[in-house]
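Residue numbers (the working numbering), protein chains in the order written: chain A, 33 to 557; chain B, 560 to 1184. Scroll down for the structure; my scribbles are underneath it.
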Amino acid sequence: MTALTYIFVLPLLAAVALAFVPRAYSVVMRGVAVGVTFVMMLLAILVFIRFNGAEADASGFKFVTTIPGLGASSLGIVCKLGVDGINVGLVLMGAIVAFAAACCSREIRDREKEFYILLLVMTGGILGAFASLNLFFFYFLHELALVPTFLMIGVWGRGERKNYATFQITLYLSIGALVALVGLIALYLQSGAQTFDIPELTERLRENPLSAGAQRFIFPLLLFGFGILVSLWPFHTWAPMGYASAPTPAAMLHAGVLKKFGLYGLIRIALPLMPGAAQRWMPILAWLCLGNLVYCGWVAMRQKDFNWLIGYSSVAHMGFVFLGIATLTLVGVTGAVVVMVAHGFLAALTFGLSGYLYEQTGTLEMSELGGLLRKLPFIGAALVMAAFAGCGVPGFANFAGEVTVFFGAWNVFRPVTVLACWGALMIGAVYMLRAVRTMLHGELPEKWANVTDAPHLWRKAPFILLLAALMLFGCFPRLLTDKISPSAGVIVQMANPVLEGNLRAEAAPAPPKSALAQGGGEAVQ
Amino acid sequence: MKLEALPWIILFLPLAAAGIITLFTLQNRQWSARLSVGAVVTGFLLSVVFVFVAGWEPRVREVSVNWLTIGEGLRVDFGLHFDPLSLLMLLVVTGVAGVIHIYSVGYMRDDPGYSRFFASLSLFTFSMLGIVLANNFIQLFIFWELVGVSSYLLIGFWYGRTAAADAAKKAFITNRLGDFGFLLGILTVWGALGSLNFSELQEKLASDPSALGALATVAGLLVFCGAVGKSAQFPLHVWLPDAMEGPTPVSALIHAATMVAAGVYMLCRILFVLNAPALEVISYTGGFTALLAALIAIQQDDIKRILAYSTLSQLGYMVMAVGLGGPTPAMFHLTTHAFFKALLFLGAGSVIVVAHHEQDIWKMGALRTKMPVTFWTFMAGTLALAGLWPFSGFFSKDSILEQALLRHHYLLFAIGLFVAMLTVFYMFRLIFVVFFGSAKSGHAAHAHESPGVMVWPLRILAVFALVGGVIGIQGVYAMQFGGEGAGQAAGVAARLIGPWREAPGAAVCGLAAFVAGLGAAYALYAGADKDPLPEKLGAVSMAMRNRFYFDELYKVTVIRLHDGLAAVAAWIDRWIIAGLCVRGIHGTTELLGRALRLLQTGNVQTYAFLFAAGVALVLYFVLGK
């Protein structure tokens, strides 16, 4: 039993408990949701702080624990949790965002019982998926978190296109998850390891890599299956529409946390286990990332609704992560993980703020709004800060991640990096500042004379918390990178068969020449 | 306490002030002002102490902590670099910013956003000090961006006004365009040399000048892009005049003494990266900007815009000097310019306040007697800018002209001289119209002098505008870069006559330009009630008034192109990807479903028939072959 166990189990138990509370006690529902997520957040912070000193198991994971009774151990399905540098930041980010989302759930006025139960299931599911070291639970818990998203959009969503949005996001993401599932099953079968345990599987495949043919057909399944979940261009159209229709907490949690699952899967599973195919696909991914960064940035410039704009913006930001992953370098992958954490906070912040605005004005049509900063000094200032974080201003964690990705990518994909910089520095600034200009600056229209700012600390708390996290990791990025880079190093080393070959050559006293040549040949393939 | 702790305190004091104001004293106007002014003035005093104790070339050249390290590949420090360049700049920034902070206490006293103003001002000061003290490229870039952000907040301080909100956005995005090149430049240098630290880079390039290889010129020019944006050089000069929408102290701080000077400072800091072809481009960019801006300035009617174009023009001078291989004259002019341009802006602010925020010079007039202190200090600033001996501007401008002669760049020398004449012309046009002649509006007729908290800063700056040329500023910079003035231990008297003795050609030409400009301004504007030039020059004047149509040009080219691309992308996204592909697949599936539904007739005979047909088919495939 470690803190991780509680982070995973608490929300699920609370969800079950809420099912027995009569629906009239909506205060209890909200109280339990906020309280449980708060405890989770504290636990996650504790895990994050104690991470450095904690003892690691043989494969480098810390706080490793299994939850007895869950799963089917005879089939190798064990609920085993643990963190290394890659996911410790994600667990922290997820827990903080979950608390913020619970705080922002006040806009929900009907069927509160179901809503809070779904929220808790979603939270427990996704954090469990991040912490899971078992392939089965890794996949299953993500699905567990995904289903509530669909329900939330369908039941509590807003706008005329709500139904189509629900329909589209459900089908799209289910297909993505399904493609990834096919890939994972194939991986399990091809590995011949008869285990769902991720560290064990990794170890096994390090010794006996998959055949090139197997890699060639499994890798694209994972790349595009996970890619769809992360809105990889051109599979991104579900995202802006879905987020525009989603209730605020669902958008915060999905855009902030759930979306990172696909990226995490790529880093944790696809890269180290199928290095040969990764080498072949990464240049393609690098060019695809421009579809996110530049193309979706341009589309964002044309949006008239603020929620659509930040939806496209969050799609665009995924491009940095893809670029960082595509480099297959230590610097690039570390940067990618930093961006994942930073973007989680940022996406939650922007969707939370837009939710507040929507609650006040009933519209996010930007031409309708204007001059709101005067009436909303706190919310407006937070939105300006979010806009700056979004266009990569130093002091916010996004900058630290993005600049690291650029450094990682510069010597690998130079033309792509140039265009990515354009997307980061110019396109992002243009649409973000235009939005600030139209919504917050300028004349205040008559009809918004009685919008009110966040009245008390409780309404401000989630935004303050998210901003503080962004600025903390922005000013002191080593808090993250020192944890990430050793683990990223392991993954990068496995993903680069050339390096791997060299290492093996060094380790073995006198390798026969033919073996070396073979190793080199593999690398070239 | 170790001496090296002082610069850390100097750097972080304004940030602390900004933070405390934002978090705690937004409602308390007095404390906000006290904190903000206190932070920067303390910073100035501590800087003086530091320089006094440690000297211009301290024993410890760098202090740093690690900010980000990833494996062997990337190491970014957060550090401070002490040399004559950074220390003198530290004094200039804290000093001028301190004076402007004090002035703001008076200027902004009736504004409801008083506390917010001081918080932004402190944030800005922090960012600028970060640029000055940075010891590596990424740190420089970080503070570079923060200066952009804080200037956005200050230019858009009155965000309710359309013009101010637009100007802030324009300033930030135009700067970002330059930063795009700057970041690529940094990546290029890092990619080739594997380091970001200035001292390390300098050593590497000194031991192997060809280390940057074929990319040397490109790298230099990309880094220069950053300066083009921040120092508002052609073609990114368009943001600076619009930025005058901010409160006047902001104009004085950002657009005269600090932010726009950051570009020139950065070029001097990374001079070792720039090779000869890059310097050539830089010098002509500077010369062209100087000429272009001066021409525009002579037909502007807004008092702050005249000063803004004057700033552009003077920045052109400095950039030109850097390009001519003369960092010492460039930094010398930057320093004197900081004094007199801040003075001119604050003087203009004093005029604007009594004119009830009227900025059109043709609605002022005859303010000489009503605002004596403002007038005389403004005059001192003007004479310094115009380059009259023995005002500070004379010495710094002369050193730039001298540098052009030294390098045999006669074209740039001629441009410099012509611009000097234009400078005198437009500044005295302003003086004659605003302070002489008859009062052209009611507000001007009932004007009175500004309060002490506003005029004392003017007096202080006026003193420096007068003596700034002879107090040995050039010598300090020369300690770092060598060149003229390096060995000058001479006193004030020797410095006073220095230019006449060493390069009489440049000095005499400069004086001739002064006389010519003054004569022309007197002939045209003494006692004038309206501008006679539009009639005389016709279309040329029109073009100058409209700033040579650069804004319009960008609107129809760059902005429309980018928006056009965005529109195409949005169309594709909506109709091709979301429409044709996603909806198409869903539509096809649905169609298939509808088609298959037809088979479900509910008719047992049909099912039996289909079943039999199926069985027959299977049998055919299994057995028949």
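Even for Gly, the Cβ is constructed at its ideal location relative to N, Cα and C. Predicted model only: the values in this text are computed from it and were never measured.
The C-alpha of B:D642 lies about 7 Å from the C-alpha of B:P617.
Counting only residues of its own chain and dropping the five nearest sequence neighbours on each side, A:G424 has a CB closer than 7 Å to the CB of N430, F431, E434, A456, L457 and G460. In the pairwise beta carbon analysis, the region 248-258 of chain A is classified as touching the region 294-302 of chain A: at least three pairs are separated by under 8 Å.
Within a 10 Å sphere around the beta-carbon of B:Q589 sit fewer than 16 other beta-carbons, which makes this residue exposed. Here the region 967-986 of chain B does not lie against the region 892-901 of chain B, with fewer than 3 beta-carbon pairs under 8 Å apart.
Residues of the region 493-525 of chain A with a C-beta less than 7 Å from any C-beta of chain B: P509, R510, T513, S517 and G521, listed in chain order. Residue state for A:P426 is assigned as coil, using DSSP reduced to three classes.
Only I701, E704, L705, V708, G715, Y718 and G719 from the region 698-720 of chain B bring a Cβ to less than 7 Å from some Cβ of chain A.
A straight-line Cα-Cα distance of about 25 Å links B:V1074 and B:A901.
From the beta-carbon of B:D738, the residues of chain A found nearer than 7 Å are L457.
At a beta-carbon threshold of 7 Å, the residues of chain A lying near B:L1124 are W330, ordered along the chain. Within 7 Å of the CB of B:R735, the CB atoms of chain A belong to L457, M458 and A461, in sequence order along the chain. Here DSSP, grouped into helix, strand and coil, assigns A:F228 to coil. Taking a cut-off of 8 Å for Cβ pairs, the region 1108-1117 of chain B and the region 984-992 of chain B do not touch, as fewer than three such pairs fall below it. In the structure shown, the three-state DSSP call for A:L489 is helix.
If you draw a 10 Å sphere on the C-beta of A:Y171, you find 16 or more other C-beta atoms in it, and that means buried. Residue A:T269 holds the alpha-carbon nearest to the alpha-carbon of B:V1141 among A:D142, A:W265 and A:T269. With a threshold of 16 other beta carbon atoms within 10 Å, B:F583 falls short and is exposed.
Contact between A:V129 and A:V123 is ruled out by a C-beta separation of about 11 Å, above the 8 Å threshold. B:F1168 has its alpha-carbon roughly 12 Å from the corresponding atom of B:L1176. Note that the C-beta distance between B:L565 and B:V608 is below 8 Å. At a cut-off of 8 Å between C-beta atoms, B:I579 does not count as an interface residue with respect to chain A. With respect to B:Y1084, B:V992 sits close: the two C-beta atoms are nearer than 8 Å. With a minimum length of 4 residues, the unbroken runs of alpha helix (DSSP H) contained wholly in the region 670-728 of chain B fall at 673-692 and 696-714.
CA-CA distance, A:L341 to B:K729, rounds to 20 Å.
Chain-ordered listing is empty here: chain B has no CB closer than 9 Å to the CB of A:R491, the nearest sitting near 17 Å. Of the candidates A:V371, A:L44 and A:G274, the residue whose Cα lies closest to the Cα of A:E192 is A:G274. Residue-level contact check: A:M372 does not touch chain B, since none of the beta carbons of chain B fall below 8 Å from its beta carbon.
Annotation note: the region 320-356 of chain A contains the following uninterrupted alpha helix (DSSP H) runs of length 4 or greater, listed N- to C-terminal: 328-333. DSSP, reduced to helix, strand and coil, places B:F637 within a strand of the structure shown. The contact set of A:N443 on chain B, defined by CB atoms closer than 7 Å, consists of G750 in chain order. Taking the Cβ atoms as the reference, B:A656 lies roughly 7 Å from B:T817, within the contact range of under 8 Å. For A:N119, the enclosing alpha helix (DSSP H) starts and ends at G117 to C135. By the Cβ neighbour-count rule, B:T1147 is exposed, with fewer than 16 other Cβ atoms within 10 Å of its own. Secondary-structure assignment with DSSP links B:V622 through a beta bridge to B:L639. Contact annotation for A:A432 against chain B: L627 [CB-CB distance below 8 Å, chain order].
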